[in-house]
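For reference, the structure is listed below as structure tokens.
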Amino acid sequence: MLISPLALLIFVALTSSQKIPWFIGSGAWLVIGTIIYQVRVASLGHEYIRHYKKTVIPALLSAIDPNLVYNPDGGISSSTFVDTELYTTHPDRYSTEDLIEGNYGKTFLQLAEIYAEERRSRTDSDGRRKTYYVTIFNGLFLIADFHKHFHGRTFILPDNSEKSFGGVARFFQKMGGRRETNLIRLEDPEFENAFAVYATDEVEARYILSTAMLRRVLDMRNRLGKDVRLAFKESCLILAVPHAKPFLEPKTSMPATDQTQIRGMLRELQLILDTIEELDLNTRIWSKH
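This is the structure:
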């Protein structure tokens, strides 16, 4: 952290018996007062957000479905995040919060905000080694019961690399990237243009990804963004939605009862929960066996 000349001057003034000019002294105290005020405001803002999350958010969630429980300090563990295999890089720095879980209709789900980063290092022109972090994932992570036991693993990933590099990317795609998976070609050109599908069991993957399911996934992509990822694994559907905006964070500049903010949060919650209906998870046509 860099220490400004004025901050250093303040320190000298407070630790030295030597007199300093009155205008420097008054300027120093002005800076000190400003810092104390900013710290106090930040502290109050943090407490306001915590109180809002513990009182207002549960009430909003109950209005959507009383079976859903909200824990602002809860989340999805880093080991679970890694085990989903939606991202193959292991995070070196990881945080999670805003856990929502419970039965939504007939489907048990867990939803949380996740921020996962990888540590990297580089050497500058002076030969000094510096550490920095790059984002693996920042957004919302949904794990929902699919009420179907999967013998294999199926992954639906954005097809950005294939569109950018064509044949070269196809070669690397065939290599998998997730253990024992192969690239699966589907008969839907629009879906193929948007996603790449990897699976350990091609027959099962085609069974899961029916024509109706492909259309639902494309509709969901149009609603949530082109970088969404899905996995069908261990009886669950897993959905990753990159989301740079903080989830369920109230603005301290607005009153707690502000209707615009409340409606915005309700829309934000419903946008993700609608995925359960959109992917038809509440229709139990399959049984676990």
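Under our numbering, the first residue of the sequence shown carries the number 20, and numbering increases by one thereafter.
From the three backbone atoms N, C-alpha and C, an ideal C-beta is built for every residue, glycine too.
Give the range of the beta strand (DSSP E) segment to which ASN201 is assigned.
Counted from its first residue, the sequence shown places residue 201 at position 182. Per DSSP, ASN201 belongs to the beta strand (DSSP E) from 201–203.
Straight-line Cα distance separating TYR67 from ARG172
Working through the sequence shown from its first residue, we reach residue 172 at position 153. Working through the sequence shown from its first residue, we reach residue 67 at position 48. Cα to Cα, the separation comes out at about 43 angstroms.
Restricting to Cα atoms, I'd like to know which of GLU104, ILE281, SER96 and GLY124 is closest to ASP84.
Taking the sequence shown and counting its residues from 1, the one referred to as residue 84 is at position 65. The shortest Cα separation from ASP84 among GLU104, ILE281, SER96 and GLY124 belongs to GLY124.
Looking only at its own chain, which residues have a Cβ that is under 7 angstroms from the Cβ of GLY73, when we skip the five neighbours before and after it?
Position 54 of the sequence shown, counting from 1, holds the residue named residue 73. Sequence check: residue 73 is Lys here, not Gly. Closer than 7 angstroms at the Cβ level, and outside the excluded window around LYS73, lie PRO91.
Take SER114 and list the residues in its own chain whose beta-carbon comes closer than 6 angstroms to its own, dropping the five residues that flank it on each side.
Counting from 1 along the sequence shown, the entry for residue 114 is found at position 95. The residues are TYR134.
Less than 7 angstroms separating the beta-carbons of ILE175 and LEU258?
Here the question's residue 175 lines up with position 156 in the sequence shown. Here the question's residue 258 lines up with position 239 in the sequence shown. The answer is no: Cβ separation not under 7 angstroms.
Tell me the rounded alpha-carbon separation between LEU300 and MET239.
Counting from 1 along the sequence shown, the entry for residue 300 is found at position 281. Counting from 1 along the sequence shown, the entry for residue 239 is found at position 220. Cα to Cα, the separation comes out at about 13 angstroms.
Rounded straight-line distance, which links the Cα of LEU290 to that of GLY283
Residue 283 sits at position 264 when you count from the first residue of the sequence shown. Residue 290 sits at position 271 when you count from the first residue of the sequence shown. Their backbone Cα atoms lie some 10 angstroms apart in a straight line.
Alpha-carbon to alpha-carbon, SER140 and ARG235
As a working mapping, residue 235 is identified with position 216 in the sequence shown. As a working mapping, residue 140 is identified with position 121 in the sequence shown. Each residue's Cα considered, the two are about 41 angstroms apart.
What does the alpha-carbon distance come out to for the pair GLU199 and MET232?
Translated into positions along the sequence shown, residue 199 becomes position 180. Translated into positions along the sequence shown, residue 232 becomes position 213. Cα to Cα, GLU199 sits roughly 24 angstroms from MET232.
Name the two residues that bound the continuous beta strand (DSSP E) containing GLY238.
Looking up residue 238 in the sequence shown gives position 219. Sequence inspection shows Asp at residue 238; the Gly mentioned does not correspond to that position. That residue, ASP238, is in no beta strand (DSSP E); its alpha helix (DSSP H) goes 230–243.
Using a Cβ-Cβ cutoff of less than 8 angstroms, which residues in the same chain neighbour ARG225 once the five nearest sequence positions on both sides are dropped?
In the sequence shown, residue 225 corresponds to position 206, counting from 1. Result list for ARG225: ILE203 and LEU205, in chain order.
Within the same chain, show all residues whose beta-carbon is closer than 7 angstroms to that of LEU288, passing over the 5 residues directly before and after it, in chain order.
The residue you call residue 288 lines up with position 269 of the sequence shown. Residues of the same chain with a CB within less than 7 angstroms of the CB of LEU288, apart from the 5 flanking positions on each side, are LEU79, LEU80 and ILE83 in chain order.
Alpha carbon to alpha carbon, how far is VAL260 from ASP220? Give it in angstroms, no decimals.
Stepping through the sequence shown from its first residue, residue 220 is reached at position 201. Stepping through the sequence shown from its first residue, residue 260 is reached at position 241. Whole-angstrom Cα-Cα distance: 25 angstroms.
Residues bridged to GLY121 [DSSP beta-bridge criterion]:
As a position in the sequence shown, residue 121 is number 102, starting the count at 1. Paired residues: LEU87 and LEU128.
If we ignore side chains and look at the alpha-carbon of each, how far apart do GLU137 and VAL216 end up?
Within the sequence shown, numbered from 1, the residue matching residue 137 stands at position 118. Within the sequence shown, numbered from 1, the residue matching residue 216 stands at position 197. Approximately 25 angstroms between the Cα atoms of the pair.
Please go through the same chain and pick out, in chain order, the residues whose beta-carbon is closer than 6 angstroms to the beta-carbon of THR108, but skip the five residues on each side of it.
Against the sequence shown, residue 108 aligns to sequence position 89. So the qualifying residues of the chain are GLU137 and ILE155.
Do you know offhand how far LEU292's Cα is from SER272's?
Residue 292 sits at position 273 when you count from the first residue of the sequence shown. Residue 272 sits at position 253 when you count from the first residue of the sequence shown. Roughly 28 angstroms separates the two Cα atoms.
Take LEU118 and list the residues in its own chain whose beta-carbon comes closer than 6 angstroms to its own, dropping the five residues that flank it on each side.
Here the question's residue 118 lines up with position 99 in the sequence shown. Cβ neighbours of LEU118 beyond the five flanking positions: ASN90, GLY93, GLY94 and ALA131.
Leaving aside the five residues before and after ASN86 along the sequence, list all residues of the same chain whose C-beta is less than 6 angstroms from its C-beta, in chain order.
Numbered from its first residue, the sequence shown carries residue 86 at position 67. Here the set comprises GLY121 and ASN122.
Kindly indicate which residue of VAL222, VAL75 and ASN212 has the alpha-carbon position closest to the one of LYS245.
Locating residue 245 in the sequence shown gives position 226, where the first residue counts as 1. Cα-wise, what sits closest to LYS245 is ASN212.
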